[in-house]
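Q: Following this message is one structure expressed as structure tokens.
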Amino acid sequence: MTIYHFVGIKGSGMSALAQILHDMDYQVQGSDVEKYFFTQKALDDANIKILPFQKENIGGDMHVIAGNAFPDTHEEIVAAKELGLPVTRYHKFLGDFMQEFTSVAVTGAHGKTSTTGLLAHVIRGAKPTSYLIGDGTGKGEVDANYFVFEACEYRRHFLSYYPDYAIMTNIDFDHPDYFANIDDVFSAFQEMAMQVKKGIIACGDDEQLQKIQARVPVVFYGFAEENDFQARNVAHDENGTSFDVFVRNEFYASFKIPTYGDHNILNALSVIALCHYEELDTAIVQERLQTFEGVKRRFSEKKVGGQILVDDYAHHPTEITATLDSARQKYPNKDIVAVFQPHTFTRTQTFLSEFAESLQLADKVYLCEIFGSARENHGKLSIHDLETKIEGCEIIDERDTTALLHHEDSVLIFMGAGDIQKFQQSYESVLNEQVAE
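For the sequence shown, position 431 (counting from the first letter as 1) is numbered 433 according to the working numbering, and the numbering increases by one without interruption.
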């Protein structure tokens, strides 16, 4: 039996794909660095073997799936090619795999992971569905009708995909280490749009997406009246957000979601539109929207004493604004404290003023040292360049997080795409010590 060996199995997409193949009774193993990543819990729970990188891992009847972060010169990839074993890049393998299902790609600069998770949860209530989410979650169903997956625009990786449908949440300038400007980002999405086979569900409130051309129908959703699917009569309570949906200005149905913030309404609208297009039962969609528990690292909260601690992946000014907006709606009577770790020097440099502007929506800001990516681990700027732009902010060190104790009865949001979790863990240790005393 062929063994599928994942080079870089702890990567979020790789981990999810490994889980899918494992669920579908394929033989799966992988290799990676020894450092613990949150994505490996699901691999451990499934007893999927994780080996340290070494060329000796390669051999026998094996198909090697290579993570995008690893060059062709990686010792395991070299060994596989020398032995004549098939080596397929992650995005190419995924592109071939999805052809057996009705596939839905979820893409956009922001909101991909949350929307993919929500769509998978909703569709599974109606039909067998396999899914791959960018938070490292994957599930394979042997008899799946649908395959829902997150499609990333970085380095134009999503151009390996020819999905039946695409949900496009927004187009924004990000990944400045690769994209030149917003027009470059748009060109990537435009190329992707031409590869979709049945229909595109796009946010019509996004001025870039309004320009998208395609060979298939483009259905727009949003708050503006000219959208095909429009949210009206939005209301919030302690249990979440409710709204009415109008399809081409005719009332369709009322929906409720257990989350806050306009971005979460838009995510839900995209799912509603796709399910309407596929003629899935409206009652199932209504029920499943209310029971969605979220995805990893997207406003994941816990209560400790009088404080609410939130772990969130926000690492772009647009995402920070959305996260702080959600916190304000959910906790209107509490102070909102942002603990932010910038992710990559290029992104921090490019959006320095925008980061400062979005973070100032919080009542207090703490900054952590910049987290350099595997692609760049140094830069000309430092965290002090951002500090000078935010009035009253402080720099915090994971070895001493006691300053956060001053914010009683507050919401503390730990934001970032690096290892911001270690700051939260450090602070929780401080809180635990206090309880012990």
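Note that CB positions come from ideal geometry on N, CA and C, so glycine has one too. Please read these numbers as outputs of a predicted model, since none were measured by experiment.
1. In three-state terms, what does DSSP make of Arg299?
2. Comparing C-alpha positions only, which one of Gly224, Glu359 and Ala195 sits nearest to Gly206?
3. Hey, quick one: how far does the beta strand (DSSP E) through Val220 stretch, first residue to last?
4. Who does Ser328 pair with in a DSSP beta bridge?
5. Taking the C-alpha atoms as reference points, what is the distance between Met100 and Ala168?
6. Identify every residue that forms a DSSP beta bridge with Gln232.
7. Could you give the distance in angstroms between the alpha-carbon of Thr352 and the alpha-carbon of Gln21?
8. Touching or not, the stretch 383-394 and the stretch 289-307, by the rule of three or more beta carbon pairs under 8 Å?
9. With three or more C-beta pairs closer than 8 Å as the rule, is the stretch 107-117 touching the stretch 143-160?
10. Three or more C-beta pairs under 8 Å: does that hold for the stretch 82-96 against the stretch 176-186?
11. Quick check on the DSSP output: the alpha helix (DSSP H) that includes Ala122 runs from which residue to which?
12. Between the C-alpha atoms of Pro73 and Gly10, what's the straight-line distance to the nearest angstrom?
13. At which residue ranges does the stretch 404-429 contain complete beta strand (DSSP E) runs of 3 or more residues, listed in the order of the chain?
14. I need the boundaries of the beta strand (DSSP E) containing Ala168, first residue and last residue.
15. Can you check which of these residues, Ala195, His123 and Phe175, is closest to Asp186 by C-alpha distance?
16. Counting C-beta neighbours from all protein chains within 10 Å, is the total for Ala419 16 or more, i.e. buried, or is it exposed?
17. Measuring alpha carbon to alpha carbon, tell me which residue in Tyr368, Glu410, Leu23 and Ala405 is nearest Ile422.
A: Short version:
1. Within the sequence shown, the letter at position 297 stands for residue 299. Note: Arg299 maps to coil in three-state DSSP.
2. Locating residue 206 in the sequence shown gives position 204, counting from the first residue. If we check each option's Cα against that of Gly206, Gly224 comes out closest.
3. By one-based count along the sequence shown, residue 220 stands at place 218. It spans Val220 to Gly224 - the beta strand (DSSP E) in which Val220 sits, taken as one unbroken run.
4. Locating residue 328 in the sequence shown gives position 326, counting from the first residue. According to DSSP, Ser328 bridges with nothing at all.
5. Translated into positions along the sequence shown, residue 100 becomes position 98. Translated into positions along the sequence shown, residue 168 becomes position 166. Going from the Cα of Met100 to the Cα of Ala168 covers about 13 Å.
6. As a working mapping, residue 232 is identified with position 230 in the sequence shown. Gly224 and Phe248.
7. On the sequence shown, residue 352 is found 350 positions in, with the first residue counted as 1. On the sequence shown, residue 21 is found 19 positions in, with the first residue counted as 1. Their Cα atoms are separated by approximately 36 Å.
8. no
9. yes
10. no
11. Sequence index remark: in the sequence shown, residue 122 carries index 120 (1-based). Start and end: Lys114 to Arg126.
12. Start at 1 with the first residue of the sequence shown, and residue 73 comes out as number 71. Start at 1 with the first residue of the sequence shown, and residue 10 comes out as number 8. Roughly 11 Å between the two C-alpha positions.
13. 412-417
14. Locating residue 168 in the sequence shown gives position 166, counting from the first residue. Counting along the chain, the beta strand (DSSP E) containing Ala168 begins and ends at Tyr167 to Met170.
15. In the sequence shown, residue 186 corresponds to position 184, counting from 1. Comparing Cα-Cα distances from Asp186 to each of Ala195, His123 and Phe175, the minimum goes to Phe175.
16. Within the sequence shown, numbered from 1, the residue matching residue 419 stands at position 417. It counts as buried.
17. Numbered from its first residue, the sequence shown carries residue 422 at position 420. With distances taken between Cα atoms, Ile422 lies closest to Tyr368.
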